[in-house]
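Under my numbering, the sequence shown has 492 at position 497, and the numbering climbs by one with no breaks.
Beta carbons are placed, not taken as given, at the ideal position from N, Cα and C, and that holds for glycine.
Keep in mind it's a predicted model, so treat the numbers as computed, not measured.
Here's the structure, in C-alpha cells; my notes come after.
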Amino acid sequence: MSPLPDECGPGRARGRSGPGEKGRAGRENAWWGRDARTILGRVFLTISTTGAPDRPATDLGFLLHKHPDKAQSFSTSHGTAHVFYPEASADRCTAALLLEVDPVALVRRGKGKGRGGAPDAALAQYVNDRPYAASSLMSVAMTTVFKSALKGVCRALPDRVEERLPLRIEVPALPAKGGAELVRKLFAPLGWSTVEALPVPLDESFPEWGDSRYVRLVLEGELRLADALRQLYVLLPVLDDAKHYWVAPDEVDKLLRAGEGWLAVHPEHKLITSRYLSRRWGLTRQAEQALELVRLAESDDLEVESVDNAVDETADTEERPVPLAVARRTAILDALHAAGAARVLDLGCGQGQLVQALMKDVRFTAITGVDVSMRALTLAARRLKLDRLGERQAARVTLRQGSLTYTDKGLRGYDAAVLSEVIEHLDLPRLPALEYAVFGSARPRTVLVTTPNVEYNVRWETLPAGHVRHGDHRFEWTREEFRTWADEVAGRYGYTVTLTPVGPEDPEVGPPTQMAVFTRTDQDRPDRDRPDQDRTDQDRPDRDRTDRDRNRDAREAGAARDVPDPHQTHEAHQAHRTHEKKKEAKAA
-4 MSPLPDECGP
6 GRARGRSGPG
16 EKGRAGRENA
26 WWGRDARTIL
36 GRVFLTISTT
46 GAPDRPATDL
56 GFLLHKHPDK
66 AQSFSTSHGT
76 AHVFYPEASA
86 DRCTAALLLE
96 VDPVALVRRG
106 KGKGRGGAPD
116 AALAQYVNDR
126 PYAASSLMSV
136 AMTTVFKSAL
146 KGVCRALPDR
156 VEERLPLRIE
166 VPALPAKGGA
176 ELVRKLFAPL
186 GWSTVEALPV
196 PLDESFPEWG
206 DSRYVRLVLE
216 GELRLADALR
226 QLYVLLPVLD
236 DAKHYWVAPD
246 EVDKLLRAGE
256 GWLAVHPEHK
266 LITSRYLSRR
276 WGLTRQAEQA
286 LELVRLAESD
296 DLEVESVDNA
306 VDETADTEER
316 PVPLAVARRT
326 AILDALHAAG
336 AARVLDLGCG
346 QGQLVQALMK
356 DVRFTAITGV
366 DVSMRALTLA
376 ARRLKLDRLG
386 ERQAARVTLR
396 QGSLTYTDKG
406 LRGYDAAVLS
416 EVIEHLDLPR
426 LPALEYAVFG
436 SARPRTVLVT
446 TPNVEYNVRW
456 ETLPAGHVRH
466 GDHRFEWTRE
476 EFRTWADEVA
486 GRYGYTVTLT
496 PVGPEDPEVG
506 PPTQMAVFTR
516 TDQDRPDRDR
526 PDQDRTDQDR
536 PDRDRTDRDR
546 NRDAREAGAA
556 RDVPDPHQTH
566 EAHQAHRTHE
576 KKKEAKAA
C-alpha cells in the first residue's frame, strides 16, 4: 500500500475509497448531492477510468494529485477552479473540474484581448458563454490544477505514469469553430478509439432553429493521462479559435512542450499551430520551423539538437533585419542619386532624420526641410546641430515652417522634392491642394512619395486587425489604390511615374512601404535657378495662366471631394489674426 501525497489527504491508501468503502460506494458528497445532474451540467471537464483487481481505478487520484474524498478549490487569474469526484471506487473513478469564471476579473485583466474583444462579445463583456463552455480559460485552469499531471510526474506511483489507462473524457459544452467534423479530425489521429462530437441545439424546444456552435465531446481510448491532458490543453483553445489573453512569444514554447510526441506528425499541425498562436504569422512560422526540425530528427532517429547545429553559439552570425525607416531612407537616397538631384526639398521633414542623411552626402548642395510644426522644426535643428555648423555647411541647410497645402514661391526651382510618409497624415479632401502645391506650383524635376502599404499590415504581429500603423494616419492605401492616385496626379501635372517597393517584399501582400518616383516630362525647360528665385512667366509652360487661375482649377478639381478652399482658409486666418491684434491693442 502506497499512501497518496499529502495534498491528496492524509491516510489515503491505494485501492481504498476512503473511510468506509461500503459507505463510500454510491455515496454523494456535498458537491454532487441531490443536484448532481445540475452541477455536472455545468462541469467543463470530467475524466473517468476503470480499474482491475491489481490496478484500482482510484489510482487516478494519485496521478492527478487530488484526493477523491476532498472537494478542493484553486484560485486562478480569472476565477476559481473546483476539483471533486462524483464517483470513486476500485472499479470506476471520475474526476470533475468545474471552473467558476469571474467576468469582472476577465474584463479587467483581459483588457479587451482575445475573446473579450471579439465582435460576438462586444455587447456582453459581463454576460457571455465563458462560465459554461470550455475555452482557453479551461487550459489555463488545467495548468494550475493539474500541473504535475501535465508534466507526467507522480512520486507515489511512478510506474503508473507511463501506463496507458482506459480513459473517458467528457466536455459537455465545447465551442467548435469548424463543427463536429473538425473535432473528429483533430482528436481521431491521437489514438482515441471513440471521438464523439454531438452538436448542441440552440434550443431543444425549437429544433427548427438548428444547432449552435457548441458540441458535446466524448473521448474514449487507452492513453497516458499526461498525453490526454496535453492534447486537451492545446486543442480546447484551437477549437474555440480564441484566447482570453494576449499571445506572447513564449506561447511558442508552451505549444511545443504540450505538443511533444504528437503535434509534429499530426495531419492538421498547420491549423493547430496557427489557431493556437492566434494567427500571429511570425510566431506561427517560428513554431512550424521547430516542428519541421522535430520531423527531420525523428525520420533520421536523431536528437533535435544534433540536427539544428548550423549556428555557432559562440559567434554572433545572425543577420538582423534592416529597420524599415533605414530601408526607406536608403531607397530615397538611391532614387535621388539616380535622378541626379543636387537641390532637394524634404516636405514634411518632421524631426529631420532624412535631412540629416542628406547632409552626410556632399552631392546634395542645397537641402530645405519644410514642416508645419514649429516644435518638430526645433527638434530637427537640435538633431542637426545647426548652431554648431560651420558657415559653409550651414549654408547647405534651411529649415522653414510652412503648410504643404499652400503654394510657396520659395519652393520653386529645386531638383527634387520628397514626401516621405506624409500624405497619409492629410485628410483625403485636402490632397488636391497638396498635389497642386507640389506638382503644380513648385514643380521640381523629380518627386518621391512614400506611403504605407495597408495590405502588409497583417504581417505586423502587434498591430490589431483593422488598425492603421499610426494614430494620426487618416488613411492607408493598397498597392492598387496608390498606383491609381499616382497615375492620376502624373497625368494631370505632366509627370511620368514608376512605383518601387521599399522593404522586404512579401509574395502575397507586397512590401511594407511603397514609393512612387515622379519625373517631370518637360526636361528641356530652364529650371536650374536658385531655390530662392522665382522663374519668370516665360519659363512656365502655362505662362498665360496665373497662380490664382491654377489655384482655382485645383479647387474646382477637388470640389467633388469637398476640398476646402485654401485661399478662403488663408484669408479667414489673416482676418482672424487682424481681429486679435486689434483686440490686444485696444486692451493695451
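What are the boundary residues of the beta strand (DSSP E) that residue i is part of?
{"i": "Glu215", "result": "Asp206 to Leu218"}
{"i": "Ile362", "result": "Ala361 to Asp366"}
{"i": "Val442", "result": "Thr441 to Pro447"}
{"i": "Val512", "result": "Thr508 to Arg515"}
{"i": "Leu340", "result": "Arg338 to Leu342"}
In this structure, does DSSP put residue i in helix, strand or coil?
{"i": "Trp257", "result": "coil"}
{"i": "Arg454", "result": "helix"}
{"i": "Asp86", "result": "coil"}
{"i": "Thr53", "result": "coil"}
{"i": "Tyr431", "result": "helix"}
{"i": "Glu95", "result": "strand"}
{"i": "Ser415", "result": "strand"}
{"i": "Val392", "result": "strand"}
{"i": "Leu288", "result": "helix"}
{"i": "Glu199", "result": "coil"}
{"i": "Thr495", "result": "strand"}
{"i": "Ala376", "result": "helix"}
{"i": "Thr71", "result": "strand"}
{"i": "His77", "result": "strand"}
{"i": "Pro194", "result": "strand"}
{"i": "Glu283", "result": "helix"}
{"i": "Gly277", "result": "helix"}
{"i": "Gly505", "result": "strand"}
{"i": "Val463", "result": "coil"}
{"i": "Val242", "result": "coil"}
{"i": "Glu584", "result": "In the structure as shown, the chain begins at -4 and stops at 583. Residue 584 is therefore absent and cannot be evaluated."}
{"i": "Ser436", "result": "helix"}
{"i": "Asp248", "result": "helix"}
{"i": "Ala381", "result": "This sequence places Leu at residue 381; Ala is not what is there. Three-state result, Leu381: helix."}
{"i": "Asp235", "result": "helix"}
Could you spell out where the alpha helix (DSSP H) holding residue i opens and where it closes?
{"i": "Ile267", "result": "His264 to Tyr271"}
{"i": "Phe477", "result": "Arg474 to Tyr488"}
{"i": "Leu328", "result": "Leu319 to Ala334"}
{"i": "Thr45", "result": "First-last for Thr45: Leu40 to Thr45, but that is the beta strand (DSSP E), not the alpha helix (DSSP H)."}
{"i": "Val350", "result": "Gln348 to Met354"}
Give me the Cα-Cα distance between residue i and residue j, rounded to the nearest whole angstrom.
{"i": "Val350", "j": "Ala243", "result": "37 Å"}
{"i": "Pro506", "j": "Thr495", "result": "9 Å"}
{"i": "Glu419", "j": "Arg474", "result": "14 Å"}
{"i": "Lys380", "j": "Thr479", "result": "40 Å"}
{"i": "Pro499", "j": "Glu215", "result": "49 Å"}
{"i": "Arg87", "j": "Asp54", "result": "10 Å"}
{"i": "Asn448", "j": "Arg425", "result": "20 Å"}
{"i": "Leu258", "j": "Arg150", "result": "27 Å"}
{"i": "Gly74", "j": "Ser130", "result": "14 Å"}
{"i": "Leu374", "j": "Lys355", "result": "18 Å"}
{"i": "Thr446", "j": "Ala390", "result": "30 Å"}
{"i": "Leu250", "j": "Leu234", "result": "15 Å"}
{"i": "Arg50", "j": "Arg208", "result": "39 Å"}
{"i": "Ala437", "j": "Leu406", "result": "6 Å"}
{"i": "Pro262", "j": "Leu288", "result": "16 Å"}
{"i": "Val433", "j": "Thr402", "result": "8 Å"}
{"i": "Leu231", "j": "Ala376", "result": "56 Å"}
{"i": "Ser269", "j": "Ala237", "result": "11 Å"}
{"i": "Arg378", "j": "Asp341", "result": "15 Å"}
{"i": "Ser273", "j": "Val365", "result": "43 Å"}
{"i": "Gly435", "j": "Leu266", "result": "53 Å"}
{"i": "Leu384", "j": "Ala337", "result": "20 Å"}
{"i": "Ala47", "j": "Thr89", "result": "15 Å"}
What is the C-beta distance between residue i and residue j, in whole angstroms, given that I count them as a contact (C-beta under 8 Å)?
{"i": "Thr393", "j": "Ala428", "result": "Thr393 to Ala428, Cβ: 23 Å. No contact."}
{"i": "Val96", "j": "Leu132", "result": "6 Å"}
{"i": "Ala371", "j": "Gly345", "result": "5 Å"}
{"i": "His77", "j": "Ser68", "result": "5 Å"}
Jot down the residue ranges of each uninterrupted beta strand (DSSP E) in the stretch 129 to 189, minimum 3 residues, whole runs only, in chain order.
-> Annotation note: the stretch 129 to 189 contains the following uninterrupted beta strand (DSSP E) runs of length 3 or greater, listed N- to C-terminal: 160 to 170.
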